[in-house]
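Data block below; observations after.
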Amino acid sequence: MPFRYFLKQILMPPGLLLILLCLAFFLRRRFPRLAATCFVCGLGGFWLMSLPVTVEWGARLLEQGPPLARSEWVNLAGRADAIVILGAGRERGDPAWGADQPGVMARERLRYAARLAKASGLPILTSGGLHYGSPPSEAQIMADSLRDDYGVQVRWQEGHSRTTWENAQDSAAILRQAGIRRVVLVTQALHMRRAVWSFRQVGLEVIPAPHGFIGVDNSRPFGGWLPEGKAMWQSEQLLNEAIGLAGYRVFYK
Numbered sequence: 001m002p003f004r005y006f007l008k009q010i011l012m013p014p015g016l017l018l019i020l021l022c023l024a025f026f027l028r029r030r031f032p033r034l035a036a037t038c039f040v041c042g043l044g045g046f047w048l049m050s051l052p053v054t055v056e057w058g059a060r061l062l063e064q065g066p067p068l069a070r071s072e073w074v075n076l077a078g079r080a081d082a083i084v085i086l087g088a089g090r091e092r093g094d095p096a097w098g099a100d101q102p103g104v105m106a107r108e109r110l111r112y113a114a115r116l117a118k119a120s121g122l123p124i125l126t127s128g129g130l131h132y133g134s135p136p137s138e139a140q141i142m143a144d145s146l147r148d149d150y151g152v153q154v155r156w157q158e159g160h161s162r163t164t165w166e167n168a169q170d171s172a173a174i175l176r177q178a179g180i181r182r183v184v185l186v187t188q189a190l191h192m193r194r195a196v197w198s199f200r201q202v203g204l205e206v207i208p209a210p211h212g213f214i215g216v217d218n219s220r221p222f223g224g225w226l227p228e229g230k231a232m233w234q235s236e237q238l239l240n241e242a243i244g245l246a247g248y249r250v251f252y253k
């Protein structure tokens, strides 16, 4: 896991863009044209990824499924047997809480899933392993948050997976033992296509419950053409999803 994480950070922006800028500096005398190309690609990549308008356009390509209508929430029990929430990282050792907490994206998933669970009465499975290699698992952290923050009890915890594909495999194994094959899947809209594909590949029927759509009017000053740090992070997430969606269809089919 550490090597894979290291490799991902190097090959994905901003790591890759920083490498291009470093190459431009070291190659500027011997290979000026190549150095200029590296510089333009590196700086241009930073600029494009930092624009909210880039996030908006990119997200529209990934966020193709519609959200669940509020009127459908109460009827989910007739269409599915459980709600599955995918892990999204954790914040380690938050001094304010004295314990690890769900990551920002995970907290969004929990809030939405809690609403669905209260409206439908469906049981919940949380899925996510040991993000830092030590307990508690993401599944445990999410279960604790649902109980303490929303008054929702989790029936199953899948605490070993490290990827979306493993989320699907390990969750399916638990649910099959309970006789469950139809699930409501909760994750961000940009992640939903890869998640749904993975869960359907392992034989589960899936009702997508996407949330956190970012491919909408960004309402930023100057139409989103001014750089923002948040856009840089969102662009990285979109690029990761695009690569993951293509890669999963090659390696896991």
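If you read the sequence shown in the UniProt record's numbering, its first letter stands for residue 1, the second for the next number, and so on. Yeah, the Cβ is synthetic: ideal placement off N, Cα and C, and Gly gets one too. None of the values given here were measured: they were computed from a predicted structure.
Assign residue i to one of three DSSP states: helix, strand, or coil.
i, result
"aspartate 81", "coil"
"isoleucine 141", "helix"
"isoleucine 214", "coil"
"glutamine 153", "coil"
"valine 206", "strand"
"alanine 69", "coil"
"glutamine 9", "helix"
"glutamine 101", "strand"
"leucine 48", "helix"
If you follow the alpha helix (DSSP H) that residue i is in, where does it begin and where does it stop?
i, result
"glycine 93", "Element bounds for glycine 93: not the alpha helix (DSSP H) but the beta strand (DSSP E), 90-94."
"alanine 113", "104-120"
"threonine 187", "Counting along the chain, threonine 187 falls outside any alpha helix (DSSP H), though it belongs to the beta strand (DSSP E) covering 182-188."
"glutamate 241", "229-251"
"glutamine 177", "164-177"
"glutamate 56", "52-62"
"leucine 16", "15-26"
Considering residue i, what are the terminal residues of the beta strand (DSSP E) in which it resides?
i, result
"glutamate 158", "156-158"
"serine 126", "According to the sequence displayed, residue 126 carries threonine and not serine. Run containing threonine 126: 124-127, per the beta strand (DSSP E) assignment."
Please check the pair residue i and residue j, which I expect to be a contact at CB under 8 Å, by giving their CB distance rounded to whole angstroms.
i, j, result
"leucine 239", "proline 13", "7 Å"
"tryptophan 73", "leucine 110", "Rounded, the Cβ-Cβ distance is 16 Å, inconsistent with contact."
"cysteine 38", "leucine 20", "5 Å"
Tell me whether residue i, by its Cβ, gets closer than 7 Å to a heavy atom of the ligand HEM.
i, result
"alanine 168", "By its list of ligands, the structure shown contains no ligand whatsoever, and the ligand HEM lies outside what it can speak to."
Contact between the stretch 231-250 and the stretch 79-94 (3+ Cβ pairs under 8 Å)
No, the stretch 231-250 is not in contact with the stretch 79-94.
I want to know whether the stretch 230-243 touches the stretch 131-140 - three or more CB-CB distances under 8 Å.
Because the criterion of three Cβ pairs below 8 Å is not met, the stretch 230-243 and the stretch 131-140 do not touch.
With three or more C-beta pairs closer than 8 Å as the rule, is the stretch 188-204 touching the stretch 217-225?
Taking one beta carbon from each stretch, the stretch 217-225 and the stretch 188-204 have fewer than 3 pairs nearer than 8 Å; the two do not touch.
Would you be able to state if there are at least three C-beta pairs under 8 Å between the stretch 80-87 and the stretch 113-132?
Touching, yes, given that three or more Cβ pairs across the two stretches are closer than 8 Å.
Inspect the CB distances between the stretch 169-181 and the stretch 29-43 and report whether three or more fall short of 8 Å.
Taking a contact to require three or more Cβ pairs closer than 8 Å, the stretch 169-181 and the stretch 29-43 do not qualify as touching.
Just checking, does the stretch 135-153 make contact with the stretch 57-75 on the three C-beta pairs under 8 Å criterion?
Output reads no: the stretch 57-75 does not touch the stretch 135-153.
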